[in-house]
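All remarks here apply to the structure that follows.
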Amino acid sequence: MSAQFLTVSPSPHIHSEDSVKKLMYGVIIALLPALAVSFFVFGIGAVYVTLLSVLSCVVAEYTLTKYLLKKEPTFMDGSAIITGVLLAFNVPSSLPWWAIIIGSLVAIGVGKIAFGGLGNNPFNPALVGRVFLLISFPVPMTSWPVPFVSRFQFLDATTGATPLALIKEGVDAGEPISKLMSELPTYMNMLLGGLGGSIGEVSAIALIVGFVYMLWKKIITWHIPVAMIGTIFVLTGALWLFNPDKFADPVFHLLTGGVMLGAFFMATDYVTSPMTVKGMLIFGVGIGLLTVVIRTFGAYPEGVSFAILIMNGFVPLMNKYIKPKRFGIKKNG
Amino acid sequence: MGGVHPAENKFTVDKPIEKLEAPSQVSIPISQHIGAPAKPVVEQRQKVKIGQIIASSSGFVSANIHATIAGTIAKFDKVMDSTGYKRDAIIIKAGKEEQEWEESIDLSDDLVKEVSLSREEIIKKIAAAGIVGMGGATFPSHVKLSVPKGKKAEYLILNGVECEPYLTADHRLMLEKGPEIIVGARILMKALDVDKAIIGIENNKPDAIEKIAELINGENGMMVQPLKVQYPQGGEKQLIKAAINREVPSGGLPIDVGVVVHNVGTAFAVYEAIQKNKPLLERVVTITGKDVKNPSNFLVRIGTPVNNLIEAAGGIPENTGKVISGGPMMGKALNSVDIPVAKGTSGILLIPNEEAKRGKMKVCIRCSKCVDVCPMGLEPYLLMTLTQKELFDRVEEDKALDCIECGSCSFTCPSDRPLLDYIRLGKKTVASLIRERNN
């Protein structure tokens, strides 16, 4: 052992076990329970849409990074897979193949590569793709296969409305909530998985399992999801107490639509969420507030995607002005 | 706030401190401390005894250097030290009078408890003994004990945290030299004129906590503070915060909150200097690594080549890729094993090839883990970017100078980004810009 082979570098000389790949694949593992439940509820459509979305996202990431950015493609770091899964989780299981491919291209191309690839995109790519599809192809994007009905069919699935849409239309038509509620699945069913909607939002419990896994593996912290869900709970609770005939109760709001999916998996996206704890809490509260506003007063029955995208836009500002608590510096001092 | 939990790998916890045989030649650098290098006071071919002063302090912030073996001053030469630069050193070759010690030194093991010297005498004697911070910072101890006018010390905090992975020198010292450390603490308390002392020890050393707590039972004003296991709990500012919940102000010193912190190793050296007339000649060094045959804790004469320790621990493993002086989080990588052990060498760590190289840097995914782990509440990702873009006014504004260089950010970054490297560069540039501005 001669001395000339010694590596000399500045400290630290050891590194944690964390790597981008490990974190990203951790998120993918956390998404699997929801996919499994969705497969059980919606059948092959759920898996087909997810696989196609992942495949097109990965291919888009690879080709665009290589030929447009002219960088070494890092498509296997897992981030494109997550975008693919999340995009699929935000669409109906009956979405036609061409829409999936267009959505993936927009998510990766416009949402991510246009800004310089991983780490540089201001908006959550999956949501960019999802919102693009929703605005461009509203009909296939809001034709929700009925749970458990057409699990082995794909293209001609029987479709129905989501609970959120049912309530929204009913309330707009002047019917009391209690009557509308009686036509919906029970909360227990919603929790376990059994309500119409996007692939990923079918089972709150499966999403919670994924969330707990990510907390345990220290992939994310609790701040954003708790701030967001807490805000939705408090605001919808206040509205419900104010007029239970016109506003659904807070439990309904938490169990339906994309609240859990958005809170655990999309608002917590590293790249597009704030860097400080204080920023994360404000970010979560902001998403919660906007979600409730859109759901109750807006034109769309569901507002999680828009709320997250809008708050994404504030993240650079928050990072600039919200600083961590510095050691040894008193506030205002 | 902040902090990380690297694998402890303290292989030498159960290895009692062994005296390493004095080498036949030592190279003693004249700058082993923060501050001005000492000035040689011996001549070539002069005979020296163990403990004889060979270079004397050349300013207030400087430290005396003593001969650590008896023999002849062979030459003054430039010798590579842990910084990687060749620096002035005094080389002593052992003669036949190998065991000849300075007469005033008490070599017995008897514990001398009575502290008879006055405050001023203690500080003077500590300065004369060349004692510096033994935790690795090597700041001359007498300077820390000379409390500036207008400030008042309330607490002495002894640092027995040893939060660096692998290292066990302080741990063993607390177990084996507990009574001496306690007397050393008494001396330091007297020098500082304080009546409260806290000994901070991490919870991963329950035997040391128990031992020290037992020893101070009945001692006035001393207490043991068990601390959460977390790196960098042993950072001066972090330790003060954990022990008495005071925050050293940004840009300030512990004395600003009424505290002086000394390492337990320093307390032991102070004991030996004051009660035994023994200047700082040797120190405990942990020699360890995953593939080291006999990882050990050695009591080593200053100036001993690192290679002697490695040989005594079973030789250098075939796959060694990196040799570190100190711990893996803050230690310095050596480019040779001929470098002498200095006053601040707390450990020698041999890292195998597969762990010696850093991972390839990837893009920042803004996971905010670096912000999360920073014990000083800084934003490492931002400081790195600002430094890269040479926006040094913002580097300063975002408090880069508060960085304690603990390395938690680089350790934790999943993208293997060299955050601390850039922060160091930013700090250095900001410091020189501030100097320019003040001139």
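Those sequence lines, one after another, are chains A and B.
Sequential numbering from 0 applies to the first sequence in numbering that gives the first Met the number 0.
Sequential numbering from 0 applies to the second sequence in numbering that gives the first Met the number 0.
Just so it is clear, CB atoms sit at the ideal spot from N, CA and C, and this is done for glycine as well.
In this text, all values refer to a predicted model and were calculated from it rather than measured experimentally.
Taking a beta-carbon distance threshold of 7 Å, Phe-326(A) counts as an interface residue toward chain B. Following the DSSP letters along the chain, one finds Pro-124(A) inside the alpha helix (DSSP H) bounded by residues 124 to 135. Residue burial annotation: Tyr-270(B) is buried, with at least 16 other C-beta atoms found within 10 angstroms of its C-beta. Thr-344(B) is positioned such that its CB atom lies no closer than 7 Å to that of Pro-22(B). Exposed is the label assigned to Ala-298(A), since fewer than 16 other Cβ atoms lie within 10 Å of its Cβ. In the DSSP assignment, Met-375(B) falls outside any beta strand (DSSP E) and carries neither an H nor an E. Taking a C-beta distance under 7 Å as the contact criterion, Leu-19(B) and Phe-267(B) do not qualify as a contact pair. Residue contact check for Cys-402(B) against chain A: no CB pair falls below 7 Å.
When C-alpha distances from Gly-2(B) are compared across Ala-196(B), Lys-236(B) and Val-142(B), the shortest belongs to Lys-236(B). Residue pairing for Pro-39(B): DSSP places it in a beta bridge opposite Ala-54(B). Between the segment 347 to 366 of chain B and the segment 184 to 196 of chain B there are fewer than three inter-stretch CB-CB distances shorter than 8 Å, so the stretches are not counted as touching. Your pair Ile-243(B) and Lys-150(B) does not check out as a contact, with CB atoms roughly 16 Å apart and the cut at 8 Å.
For Thr-82(B), the closest C-alpha among the options Val-336(B), Met-360(B), Gly-177(B) and Phe-59(B) is that of Val-336(B). For Asn-334(B), the nearest beta carbon of chain A is closer than 7 Å to its own beta carbon.
Under the Cβ criterion of 7 Å, Phe-410(B) is counted among the residues facing chain A.
Not flagged as an interface residue toward chain A: Ile-422(B), since no C-beta distance is shorter than 7 Å. Boundaries of the alpha helix (DSSP H) harbouring Gly-102(A): 96 to 104, taken from the DSSP string. Gly-110(A) and Ile-134(A) have their alpha carbons spaced roughly 15 Å apart.
A direct Cα-to-Cα measurement between Ile-403(B) and Ile-186(B) gives close to 29 Å.
The DSSP-derived three-state label of Trp-221(A) is coil.
Using beta-carbon distances, Pro-304(B) does not count as an interface residue toward chain A, since no partner is under 7 Å.
Under the DSSP assignment, Ser-26(B) falls in the beta strand (DSSP E) whose first and last residues are 24 to 28. The criterion of a C-beta distance shorter than 7 Å is not satisfied by Ala-93(B) and Ser-61(B). Of the candidates Gly-283(A), Ala-306(A), Pro-315(A) and Thr-141(A), the residue whose Cα lies closest to the Cα of Val-270(A) is Pro-315(A). Against chain B, a Cβ distance below 7 Å from Ile-28(A) picks out nothing, because the smallest value is about 16 Å. For Gln-24(B), the closest alpha carbon among the candidates Ile-49(B), Thr-11(B), Pro-5(B) and Ser-30(B) is that of Ile-49(B). His-14(A) belongs to the set of residues whose beta carbon lies under 7 Å from a beta carbon in chain B.
Per DSSP, Asn-296(B) lies in no alpha helix (DSSP H); the unbroken beta strand (DSSP E) holding it starts and ends at 295 to 300.
Chain-ordered, the chain B residues with CB closer than 9 Å to the CB of Ser-18(A) read Gly-358, Lys-361, Pro-413, Ser-414 and Asp-415. By the C-beta density criterion, Arg-416(B) is buried, having at least 16 other C-beta atoms within 10 angstroms. Near chain B, meaning a CB-to-CB distance below 7 Å, the residues of the segment 115 to 136 of chain A are Leu-117 and Gly-118.
In terms of beta-carbon proximity, Lys-426(B) stays away from the interface with chain A, with every pair separated by 7 Å or more. Counting along the chain, the unbroken beta strand (DSSP E) around Lys-18(B) starts and ends at 16 to 18.
Considered as a whole, the segment 245 to 308 of chain A harbours 249 to 254 and 276 to 296 as its complete alpha helix (DSSP H) runs of no fewer than 4 residues, in chain order. For the pair Val-283(B) and Ala-168(B), the CB atoms are nearer than the 7 Å cut-off. For the pair Leu-279(B) and Ile-130(B), the CB atoms are nearer than the 7 Å cut-off.
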